[in-house]
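Trainee: Before we start, here is the structure in question, set down as structure tokens.
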Amino acid sequence: MDFFELINKRQSCRSYDEREVEQEKLDKILEAARLAPSACNGQPYRITVCKGESAKRVAKETQGMGMNKFSSQAPVLLVISEEPYVKSAALGAKVKGNDYRSIDIGILSAYITAAATQLGLSTCILGWLEDEAIRKICDLKYPVRLVITLGYGKDLLRKKNRKDLDQIVTVCE
Ligand SMILES: Cc1cc2nc3c(=O)[nH]c(=O)nc-3n(C[C@H](O)[C@H](O)[C@H](O)COP(=O)(O)O)c2cc1C
């Protein structure tokens, strides 16, 4: 699939069928994640792959106030949590007052969701989550920032709803 076709095809999927995710595809997605760029190449994150009962338990912790009910349908949940910065990125973040770790996690998530799309799988990035509860389920020391649902989607392809370019782009000459 051409990159521009891929980014039109990738969409947040909120319904999944019964099929499991093949290990071979999961491995490819994780390898794509491994290749994502990050500040000072520090990769300050951990991906916890949740399947079976742990996926069901994590899904529940994305459903506060009636949100994200579909997450229980996904056979795999990828929990993205923080890890400490490498020294140079920590220094840069402090001196420049920039949250590189969140930026890195955003890029990581873009790689994961794009790779999944390439492999015929669907995803939804979830930011509505119970950090402490998921940390306990996954035995994580640092904050959980995102959960990504992964599976075979049932959503039909939607037209993208986005701002016009002039609302997000300024050209300075
Ligand atoms: C950081 C982040 C958090 C998000 N959290 C949720 C969420 O908790 N539940 C949900 O259904 N979608 C969530 N989304 C998906 C966005 O709503 C979606 O990406 C956006 O509306 C654009 O639609 P598209 O992904 O289908 O192109 C999140 C996306 C991002 C990037």
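Residue numbering for the sequence shown follows the numbering used here, beginning at 2 and increasing consecutively.
Idealized CB from N, CA, C, for every residue including glycine.
I48: which of E54, A37, K57 and C41 sits nearest, CA to CA?
Mentor: Counted from its first residue, the sequence shown places residue 48 at position 47. Of the candidates E54, A37, K57 and C41, the one whose C-alpha sits nearest the C-alpha of I48 is A37.
Trainee: Does the Cβ-Cβ distance between S16 and Q74 come in under 8 Å?
Mentor: On the sequence shown, residue 16 is found 15 positions in, with the first residue counted as 1. On the sequence shown, residue 74 is found 73 positions in, with the first residue counted as 1. Yes, Cβ-Cβ distance for S16 and Q74 is below 8 Å.
Trainee: Helix, strand or coil for K61, going by three-state DSSP, please let me know.
Mentor: Counting from one through the sequence shown, the residue named residue 61 turns up at place 60. Three-state result, K61: helix.
Trainee: Between which two residues does the alpha helix (DSSP H) holding K29 run?
Mentor: In the sequence shown, the residue the question calls residue 29 occupies position 28. Run containing K29: Q24 to R35, per the alpha helix (DSSP H) assignment.
Trainee: What is the C-beta distance between V80 and C139, in whole angstroms, given that I count them as a contact (C-beta under 8 Å)?
Mentor: Sequence index remark: in the sequence shown, residue 80 carries index 79 (1-based). Sequence index remark: in the sequence shown, residue 139 carries index 138 (1-based). At roughly 5 Å, the Cβ-Cβ gap stays under 8 Å, so V80 and C139 are in contact.
Trainee: What residue range does the beta strand (DSSP E) around S123 cover?
Mentor: What you label residue 123 is simply residue 122 of the sequence shown in a count that begins at 1. Per DSSP, S123 belongs to the beta strand (DSSP E) from S123 to L127.
Trainee: Determine the extent of the alpha helix (DSSP H) in which V96 is found, giving its start and end residues.
Mentor: For the purposes of this step, residue 96 is taken as residue 95 along the sequence shown, with counting starting at 1. Its alpha helix (DSSP H) spans residues K88 to K97.
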